[in-house]
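Protein chains: 2
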Amino acid sequence: MFPVKELDLHATEMYPGTQAVARAIALLKAFSDAQPEWTLNDLAQATGLHKTTAFRLLSALEAERLVMRNPLSGGYRLGVELIAMGGAAMRANPLRAMSRPVLVTLAEQTGEAATLEVLVEDYVLVIDEVPGSNPMGMTQDVGHRLPVHATATGKVLLAARPEAELAQRLAERLPALTEHTITDPQQLRSVLARVRQEGVAIAVGELEPGFTAVAAPVLDRERQVVAAISVGGPSVRLTAERLPEVAAMVQMSARQISRQLGYWPG
Amino acid sequence: MFPVKELDLHATEMYPGTQAVARAIALLKAFSDAQPEWTLNDLAQATGLHKTTAFRLLSALEAERLVMRNPLSGGYRLGVELIAMGGAAMRANPLRAMSRPVLVTLAEQTGEAATLEVLVEDYVLVIDEVPGSNPMGMTQDVGHRLPVHATATGKVLLAARPEAELAQRLAERLPALTEHTITDPQQLRSVLARVRQEGVAIAVGELEPGFTAVAAPVLDRERQVVAAISVGGPSVRLTAERLPEVAAMVQMSARQISRQLGYWPG
DNA sequence: ATAATTGTTTCATATTATGAAATAATATAT
DNA sequence: ATATATTATTTCATAATATGAAACAATTAT
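Respectively, the protein sequence lines represent chains A and B. Mapping the first sequence onto this note's numbering, position 128 (from 1) lands on 554, and the numbers just tick up by one. Mapping the second sequence onto this note's numbering, position 139 (from 1) lands on 565, and the numbers just tick up by one.
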């Protein structure tokens, strides 16, 4: 229906002899929460593949259960094997393993949900989440892709990217998710400047109304920002006066994880 | 190191023109909780691929973030994109969507964790889990592969398979996970016979010591067993005298989901 | 009934994946 | 330190494999 990849960041020049695999992956990446089910023709069009090719690749994916068919509609959906692989990927993620205990105490201290997120292509991916002790937890966000410009973690991760990349990412007006979402690239740029200085980012009602989050960067031994952690909850609990205190906790936790990764300040 | 696939159930005759993709998937499937990181040579050997081929395929997978390298060891691990895909696959799963509300009330009624599981190759895969209201929840089992013969759900799913398949699956002695695990194929067969009659299966300390679970089958409109749901918790809470009552609830819930799938008893 | 969809099979073609061999980069042993 | 395995990459000729046009079948809409 629509072309799936608008901007191809990370557009690594393809390794020779990997066309088929790259195409199969492109098919998998076409599935999203917004469009979880595809018809063959639409999917072929969206990925720019020949119908026959898409069919053949999908058959291979289906045989291995990475893709399944909706028995009623005949449409293609992501398959159960991906659930298994996703679980394995999560549990095998070294960053997640290191961060978990820190996130747990952070969630305890603040009473709010704590998350670990990384930048993947044009989204922020939630790698781990520890629900807050307070009610209205159970957010179940792990594995979700969130927009970079409307999240505290996104701002933190974005702030660390080189100018050339930002130019690409902030080329045009950003989509509004709430009335508080920053949609003007220039405005976001100045926000990022402050995030760089302060080492913290906040998002108040920018992703969804009534939801506030604070994030801080996680650095590795090469001083690269590899992830961001955040604490988030209802804006009525994470009030303006409480934010500084929470932000400090988030920053301390982030530094703790960074140190485990071999980061050394100074 | 070791060959990865011992028995290839679901060994569908490969679609022509899908070798590369099938091989790439085989690489992905080699990763497990037991062996989350592979060296190129070992992985090539385990999958029976030429080193060069494995390298090329892995490069393609790495470029798309389905696989990542451990920066320290250089070893291959599953990548973050799989976490995203796994999440999408979960949320797109129609069975899961239908079952969730039922699982939630089941978990509330029993106070124990309720799960939804399907048979994938030689394992049972946890597709969804609603933690129990009682403490010692937080099991975090979604995306886990569990052994078929040591789980209540596994027995339920196994009981529905045709004899030919059982002959394959129960060819040799089964691995013991606890001292109560059924390891004798003949003994398991007679258990399965009872499961078929009663429509419920239990597992008391067979997966891990002190853990008890009850499961019932979910049927679709074609009267095929497509999934199993279970309730599980500490054996000290799920005592022999309480089990019948819980089993009845699990069965009722399973029937409820089945009916939503178009199953009609009679 | 007709038309326009959908998914699927077949098959000639050459593009693309393949694996042998050589090379480079590390780790391990002597 | 030097030699010796054992890693991971690159190169490249070869043919096996993925490709897509066309034809077909199976639905669904008109």
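All C-beta atoms in this analysis are idealised placements derived from N, C-alpha and C, irrespective of residue type, glycine included. All of these numbers come straight from a predicted model, not from anything done at the bench.
Residue i and residue j closer than 8 Å at C-beta
| i | j | result |
| --- | --- | --- |
| ALA694 of chain B | LEU504 of chain A | No statement about residue 694 of chain B is possible, as the shown extent of chain B runs from 427 to 692 and does not include it. |
| LEU633 of chain A | PRO611 of chain A | no |
| ASP567 of chain B | VAL552 of chain B | yes |
| HIS606 of chain B | VAL621 of chain B | no |
| LEU483 of chain A | LEU529 of chain A | no |
| ALA480 of chain A | LEU466 of chain A | yes |
| VAL672 of chain A | THR536 of chain A | yes |
| GLU463 of chain B | SER499 of chain B | yes |
| VAL493 of chain B | ARG491 of chain A | no |
| GLY512 of chain A | MET511 of chain B | yes |
Where residue i meets chain A, residues with beta-carbon distance less than 9 Å
| i | result |
| --- | --- |
| THR541 of chain B | None at all; the shortest Cβ gap to chain A is about 13 Å. |
| SER661 of chain B | Within chain A, no residue comes near SER661 of chain B; the closest Cβ sits about 25 Å away, beyond 9 Å. |
| LEU551 of chain B | VAL506, GLU507, ILE509, ALA510, GLY513 |
Cβ shell of residue i (< 7 Å), same chain only, five flanking positions each side left out
| i | result |
| --- | --- |
| GLY563 of chain A | Residue confidence for GLY563 of chain A is low, a pLDDT of 44 falling below 50, so the modelled location carries little weight and cannot support an answer. |
| ALA680 of chain B | ALA642, PRO643, VAL644, ILE655 |
| ASP554 of chain B | ARG522, SER525, ARG526, LEU529, THR541, LEU542, VAL568 |
| ALA470 of chain B | HIS476, LYS477, ALA480 |
| GLY625 of chain A | ALA642, PRO643, GLN677 |
| SER684 of chain B | VAL644, LEU645 |
Neighbour list for residue i in chain A, Cβ cutoff strictly below 7 Å
| i | result |
| --- | --- |
| ALA597 of chain B | Going along chain A, no residue has its Cβ under 7 Å from ALA597 of chain B, so there is no contact; the nearest lies around 23 Å. |
| ARG571 of chain B | ALA510 |
| LEU532 of chain B | By Cβ distance, chain A contributes nothing, its closest Cβ being about 16 Å from LEU532 of chain B, past 7 Å. |
| SER458 of chain B | ALA514 |
| ILE451 of chain B | GLU490, LEU492 |
| ARG503 of chain B | ALA518 |
Neighbourhood of residue i by C-beta distance below 6 Å, restricted to the same chain and skipping five residues each side
| i | result |
| --- | --- |
| VAL550 of chain B | GLU543, LEU572, VAL574, THR577, THR579, GLY580 |
| HIS664 of chain A | The question names His, but residue 664 of chain A in the sequence shown is Leu. Excluding positions up to five away in sequence, the list reads THR638. |
| THR708 of chain A | An answer regarding residue 708 of chain A cannot be provided, because it is not within the stretch 427 to 692 covered by chain A. |
| HIS570 of chain A | VAL552 |
| ARG587 of chain A | none |
| PRO635 of chain A | THR604 |
| TRP690 of chain B | none |
| GLN613 of chain B | none |
Spatial neighbours of residue i in its chain, beta-carbon cut-off 8 Å, leaving aside the 5 residues before and after
| i | result |
| --- | --- |
| ALA533 of chain A | ALA539, ALA540, VAL556, PRO557, GLY558, SER559, VAL657 |
| LEU592 of chain B | LEU584, ARG615, LEU618 |
| GLN650 of chain A | ALA586 |
| ALA409 of chain A | Coverage of chain A is limited to positions 427 through 692, which leaves residue 409 of chain A absent and any answer about it impossible. |
Chain A contact residues for residue i, given Cβ-Cβ distances below 8 Å
| i | result |
| --- | --- |
| HIS606 of chain B | In chain order: nothing, as chain A lies at least about 26 Å away. |
| TYR441 of chain B | ARG482, SER485, ALA486, ALA489 |
| VAL546 of chain B | ARG491, VAL506, GLU507, ALA510 |
| THR536 of chain B | Result: empty, since nearest Cβ-Cβ is about 18 Å, beyond 8 Å. |
| PRO462 of chain B | ALA514, ARG517, ALA518 |
Candidates the options: closest to residue i by CA position
| i | options | result |
| --- | --- | --- |
| ALA627 of chain A | A:VAL652, A:PRO635, A:ALA450, A:PRO670 | A:PRO670 |
| VAL506 of chain B | B:ARG495, B:GLY500, B:MET516, B:ALA450 | B:ARG495 |
| ALA460 of chain A | B:GLU589, B:ALA515, B:ARG685 | B:ALA515 |
| LEU487 of chain B | B:LEU498, B:LEU508, B:GLN686, B:THR444 | B:LEU508 |
| VAL652 of chain A | B:ALA510, B:GLY688, B:PRO497 | B:PRO497 |
| GLY474 of chain B | B:PRO462, B:GLU463, B:ALA456, B:PRO635 | B:ALA456 |
| ALA442 of chain B | A:ASP468, A:ASP548, A:ALA446 | First, the residue type needs correcting, since residue 442 of chain B is Pro and not Ala in the sequence shown. Answer by Cα proximity: A:ALA446. |
| GLY692 of chain B | B:PRO520, B:ALA666, B:ARG647 | B:ARG647 |
| GLN686 of chain A | A:ALA472, A:SER458, A:PRO520 | A:PRO520 |
| ASP548 of chain A | A:GLN594, A:GLU624, A:SER684, A:GLU589 | A:GLN594 |
| GLN682 of chain A | A:PRO660, A:GLY659, A:GLU667, A:THR531 | A:THR531 |
Where residue i meets chain B, residues with beta-carbon distance less than 7 Å
| i | result |
| --- | --- |
| ASP468 of chain A | Those within 7 Å of ASP468 of chain A in chain B number zero; the least Cβ separation is about 16 Å. |
| ALA446 of chain A | ALA446, VAL447 |
| VAL568 of chain A | GLY513 |
| LEU454 of chain A | MET511 |
Cross-chain neighbours of residue i in chain B, by beta carbon under 9 Å
| i | result |
| --- | --- |
| ILE683 of chain A | Per Cβ cutoff of 9 Å: no residues; ILE683 of chain A is ~16 Å from chain B at best. |
Report yes or no: do the region 670-688 of chain A and the region 631-651 of chain A share at least 3 C-beta pairs separated by less than 8 Å?
Under the three-pair Cβ rule at 8 Å, the region 670-688 of chain A counts as touching the region 631-651 of chain A.
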